[in-house]
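Shown next, in structure tokens, is the structure this report addresses.
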Amino acid sequence: MATETESPTDETARAEIFLSGMHCAGCAQKIEKRLGQTPGVQKADVSFATSRAVVTYHPGDRPLRQVLDAIVELGYKPVEPARAKLSLDKASPEAWNAVAKAPGVVSVTPDAANRAAEVAYLSEATSLSEIKRFLAGRGVLAGGRATREAADPLELEEQQRETHLHNLRTRFFVSAVLSLPVVFVAMSHRAVPSLAGLVGIWVQLALTTAVMVYGGGEFFRDAWAALRRRSADMNTLVAVGTGAAYIYSVAATIAPPFFLVGGEHAAHATVPVYFEAAAVIIVLVLLGRWLEGRATRSAGNALRELARLQAKTARVVRDGREVDVPIGDVVVGDIVVARPGERISVDGVVESGASAVDESLLTGESLPVEKQTGDGVFGGTMNTSGSLKYRAVKVGRETALARVVELVRQAQSTKAPIARLADVVSGYFVPIVIVVAVATFAVWYVWGPQGQELNFAVLTFVSVLIVACPCALGLATPTAIMVGTGRGAELGILIKGGAGLEQAARVDTIVFDKTGTLTKGQPALFDVATLGTMPENEVLRFAAASERGSEHPLAAAIVAGAESRGVELGEASTFSAEAGFGVRATVEGRAVVVGNRRLLDEVSPNNQRAKKAAEQIASEGKTPIFVLVDGEVVGVLGVADEVKPQAREAVALAHALGIETVMLTGDQWQVAEAIAREVGIDRVMAEVLPGDKAAEVERLQQAGKRVAMVGDGVNDAPALAQADVGIAIGRGADVAAAAADVMLVGDDIRLAVESLKLARRALRTIKQNLFLSFVYNVASVPIAAGVLYPATGWLLEPIVASAAMSLSSVCVVTNSLRLRGFGRSST
Numbered sequence: 000m001a002t003e004t005e006s007p008t009d010e011t012a013r014a015e016i017f018l019s020g021m022h023c024a025g026c027a028q029k030i031e032k033r034l035g036q037t038p039g040v041q042k043a044d045v046s047f048a049t050s051r052a053v054v055t056y057h058p059g060d061r062p063l064r065q066v067l068d069a070i071v072e073l074g075y076k077p078v079e080p081a082r083a084k085l086s087l088d089k090a091s092p093e094a095w096n097a098v099a100k101a102p103g104v105v106s107v108t109p110d111a112a113n114r115a116a117e118v119a120y121l122s123e124a125t126s127l128s129e130i131k132r133f134l135a136g137r138g139v140l141a142g143g144r145a146t147r148e149a150a151d152p153l154e155l156e157e158q159q160r161e162t163h164l165h166n167l168r169t170r171f172f173v174s175a176v177l178s179l180p181v182v183f184v185a186m187s188h189r190a191v192p193s194l195a196g197l198v199g200i201w202v203q204l205a206l207t208t209a210v211m212v213y214g215g216g217e218f219f220r221d222a223w224a225a226l227r228r229r230s231a232d233m234n235t236l237v238a239v240g241t242g243a244a245y246i247y248s249v250a251a252t253i254a255p256p257f258f259l260v261g262g263e264h265a266a267h268a269t270v271p272v273y274f275e276a277a278a279v280i281i282v283l284v285l286l287g288r289w290l291e292g293r294a295t296r297s298a299g300n301a302l303r304e305l306a307r308l309q310a311k312t313a314r315v316v317r318d319g320r321e322v323d324v325p326i327g328d329v330v331v332g333d334i335v336v337a338r339p340g341e342r343i344s345v346d347g348v349v350e351s352g353a354s355a356v357d358e359s360l361l362t363g364e365s366l367p368v369e370k371q372t373g374d375g376v377f378g379g380t381m382n383t384s385g386s387l388k389y390r391a392v393k394v395g396r397e398t399a400l401a402r403v404v405e406l407v408r409q410a411q412s413t414k415a416p417i418a419r420l421a422d423v424v425s426g427y428f429v430p431i432v433i434v435v436a437v438a439t440f441a442v443w444y445v446w447g448p449q450g451q452e453l454n455f456a457v458l459t460f461v462s463v464l465i466v467a468c469p470c471a472l473g474l475a476t477p478t479a480i481m482v483g484t485g486r487g488a489e490l491g492i493l494i495k496g497g498a499g500l501e502q503a504a505r506v507d508t509i510v511f512d513k514t515g516t517l518t519k520g521q522p523a524l525f526d527v528a529t530l531g532t533m534p535e536n537e538v539l540r541f542a543a544a545s546e547r548g549s550e551h552p553l554a555a556a557i558v559a560g561a562e563s564r565g566v567e568l569g570e571a572s573t574f575s576a577e578a579g580f581g582v583r584a585t586v587e588g589r590a591v592v593v594g595n596r597r598l599l600d601e602v603s604p605n606n607q608r609a610k611k612a613a614e615q616i617a618s619e620g621k622t623p624i625f626v627l628v629d630g631e632v633v634g635v636l637g638v639a640d641e642v643k644p645q646a647r648e649a650v651a652l653a654h655a656l657g658i659e660t661v662m663l664t665g666d667q668w669q670v671a672e673a674i675a676r677e678v679g680i681d682r683v684m685a686e687v688l689p690g691d692k693a694a695e696v697e698r699l700q701q702a703g704k705r706v707a708m709v710g711d712g713v714n715d716a717p718a719l720a721q722a723d724v725g726i727a728i729g730r731g732a733d734v735a736a737a738a739a740d741v742m743l744v745g746d747d748i749r750l751a752v753e754s755l756k757l758a759r760r761a762l763r764t765i766k767q768n769l770f771l772s773f774v775y776n777v778a779s780v781p782i783a784a785g786v787l788y789p790a791t792g793w794l795l796e797p798i799v800a801s802a803a804m805s806l807s808s809v810c811v812v813t814n815s816l817r818l819r820g821f822g823r824s825s826t
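With numbering that gives the first Met the number 0, letter number 7 in the sequence shown gets 6, and the count goes up by one each step, no holes.
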């Protein structure tokens, strides 16, 4: 599978390619290094756990063909490109060059005679319509149709995974059945006379050969391919280890005197053979890979469940008739029909009909939302009652749900900084292990027990190679990230990647923006205090007329309050807004100023009566707004924004995690402190201008704090970017577009703290996995090499080493899967 999105500039694009055939972290390292050397590729990240290569490249250099070829050359299988027949209004080399440079295009084969070409592209990354839009934006008009579309990305990935698991399971069971007689004969110690001696050994040879060819053939093929590339990986360890045991045993079977002390006098004697070790090691490695594959498949369940919510077809009105078409054929402007009990196919605007739509997957709200003409609907949500006809406004990868799925997929494919250590170790581990194994063989061959030097050398050589496989190390970080981000998505927490996850786990201070975060963001007018002879309605009329030109939530509250009181609004002939202060306007020839305390101090600094009235309003948790007409303060308005019911719980959850809480607002100190007392905030930063919020966050960081900033992702964008972790509260479809490290589906502020708790749990799991992996490899290699034998007489059998190696990987993945049990906290 491949997915791709253009970067913020036109210079680079990003392709995510699903591939099969990786067996360990070493495979991922090898592919990553090779792709990074491909001309035009800026960066490549390959994840063993997710079986994906994420490539950032320059479309102008057209490197995707080389990228896919490089993957094949290394012995792995990438996704097959889809193909389409594309025609241009005016064919020319320049036009075809523009097609070749479109993001997602792999290759172009022009047919100059027919002004057409066959275009190969990554259909999971782009579509024919997107290619056409790209060309249209560059002045090239194109038409055409797809001639070979790939399967659905999710289905393709699942199909490949299931095929791989089925093959592993079949090879495991067949090899296990063939190995049982080998183990029985080897362990019978001549209990069955007919299988004693050479007869039993030849039976073991025949059955083990079948196991090596059928069950282990892939290991040897991949190891040979790696050797030709002058590299080594897990397959090298398995192939060399089992191959050594098998070759030694075959040689000992064919020419036993060579392996016996005084062999020329013992022509009819037998020597110890290790057929059962070679066969059982193959069986256990296959079992480990099968269990590992099943576990990693479970780790990606959350992403698959999200993707399954996307509709496969849509009922579209074409030529006056309703027809069912594939979801990829829906274009912007189509009229789509949704009947009761059906999913909304794409994002759109209701043209006719009325219904209630369950939008819980995007908003977190459990109750269906009533929809009527003019309301927006989102693809993947469930139409529960009436019928709707809606006009498509976003299709394909632009829908809200598709973008959420893409964010989760990207998060699971990116690496956390902590994973770099495992990558470095895995890259050097296999060559080091081979050197240690050879040294172990040499030591035991020279200083082993008399008469058993070669047997001990072979035994320890095989054990070291088998036990040291770095699979667990390679799985330690990506499986925890997969499960953690997947579980977060199920809870409405979208974590953009491994780096964000790791940063979030280290946060010790959380900063909440007030308006729209701790409060509902829908202030209302409560008080109108007059200070002169002007009547209350007149004060409100001048204030509302001046604020009609402002987009600030407080301005909207004043206008709405005036209208609800039946005040007839006038028109401002001039208007200017001063960010963070208020507005100035001319209404009916009179100069009107409406603003906060700082604007009052500028216009009428010594008006103590106005300030006293404002203090009374502020002490009640309301924001005082001063109204001045022709330089005279005529009234003070009291506007309040209701605190969210979950705000106190969110702050309590943060305190339970030992996190300091801060409120950041442009409101006056009295108002801010009143709200802070209500919800339990530790520290208040008030009267902060919008442009200064990032500086306040930076000041906390300079004091040694690791800061998470929680805001709406738009007005607070600079502060979100400055913080160590930016957490954006989304509203419906906007969540996927917010520029932050963590995005919350819906507006439940408790999820902001839950995201930090989940990140801590995931990082703890990663550290546990790395510890288990390092300890296992550091401890197992010396034991396999036989360091305990002189003192205890105990030697690690290759079969036991193989079982331990397989179980280590399964243990790491199973430990990561515990994150699926992460649940919402209760206070």
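Note that beta-carbon positions come from the ideal geometry of N, C-alpha and C, so glycine has one too.
Quick caveat, the model's predicted, so the values are computed rather than measured.
- DSSP places G560 inside the alpha helix (DSSP H), whose first and last residues are 552 to 563.
- For the pair of segments examined, the segment 738 to 749 was found to touch the segment 494 to 508: the number of CB pairs separated by less than 8 angstroms reaches three.
- In the three-state reduction of the DSSP assignment, I343 falls in the coil class.
- Taking C-beta separations shorter than 8 angstroms and ignoring five residues to either side along the sequence, the partners of L568 in its chain run R540, A543, A544, R547, V558, A561, E562, following chain order.
- The C-beta distance from Q203 to V181 rounds to 5 angstroms, short enough to meet the 8 angstroms contact threshold.
- Across the set D507, V66, Q767, the C-alpha of V66 shows the shortest separation from the C-alpha of T55.
- With a cut-off of 8 angstroms on Cβ pairs, the segment 62 to 82 is in contact with the segment 22 to 37, counting three or more such pairs.
- Taking a C-beta distance under 7 angstroms as the contact criterion, V345 and V329 qualify as a contact pair.
- Taking a cut-off of 8 angstroms for Cβ pairs, the segment 781 to 790 and the segment 456 to 466 touch, as three or more such pairs fall below it.
- In this structure, the beta-carbon distance from Q721 to A693 falls below 7 angstroms.
- Shortest Cα-Cα distance from I509 to any of P109, A727, L63 involves A727.
- V642 is not a Cβ neighbour of A609, given a cutoff of 7 angstroms.
- Here the C-alpha atom of N454 lies approximately 45 angstroms from the C-alpha atom of V482.
- Taking C-beta atoms as the reference points, S354 and G385 count as a pair closer than 7 angstroms.
- When DSSP states are grouped into helix, strand and coil, D526 belongs to the strand group.
- For E369, the three-state secondary structure derived from DSSP is strand.
- V642 has T518 as its beta-bridge partners, per DSSP.
- Per the C-alpha coordinates, the member of V407, I674, P339 positioned closest to T516 is I674.
- Annotation: the continuous beta strand (DSSP E) that includes R682 extends over 682 to 684.
- Taken through DSSP and simplified to helix, strand or coil, R293 comes out as helix.
- Rounded to the nearest angstrom, the Cβ distance from V670 to A617 is 5 angstroms, consistent with a contact under 8 angstroms.
- Within the segment 553 to 640, the complete beta strand (DSSP E) segments of 3 residues or longer fall at 571 to 577, 581 to 586, 589 to 594, 622 to 628, 631 to 639, listed in chain order.
- Counting the other Cβ atoms within 10 Å of the Cβ of D323 gives fewer than 16, which makes it exposed.
- Among the bridge pairs identified by DSSP, P77 is matched with L18.
- Per DSSP, the beta bridge partners of G725 are M708.
- With fewer than 16 other Cβ atoms inside 10 Å of its own Cβ, A441 counts as exposed.
- Linking R82 to V376 through their CA atoms gives a straight-line distance of about 32 angstroms.
- Per DSSP, reduced to three states, the secondary structure at F133 is helical.
- The continuous alpha helix (DSSP H) containing V538 extends over residues 535 to 546.
- Around the beta carbon of K311, a 10 Å sphere encloses fewer than 16 other beta carbons of the protein chains shown; the residue is thus reported as exposed.
- Listed in chain order, the alpha helix (DSSP H) runs fully inside the segment 422 to 466 are 452 to 466, counting runs of at least 4 residues.
- Fewer than three beta-carbon pairs drawn from the segment 593 to 601 and the segment 483 to 496 are found closer than 8 angstroms, and the two stretches are therefore not classed as touching.
- With a cutoff of 7 angstroms on beta-carbon distance, V626 and G620 are scored as not near each other.
- Put simply, the backbone Cα of V638 is about 28 angstroms away from that of L750.
- Distance check between S91 and each of P80, R114, A99 places R114 closest, using alpha-carbon atoms only.
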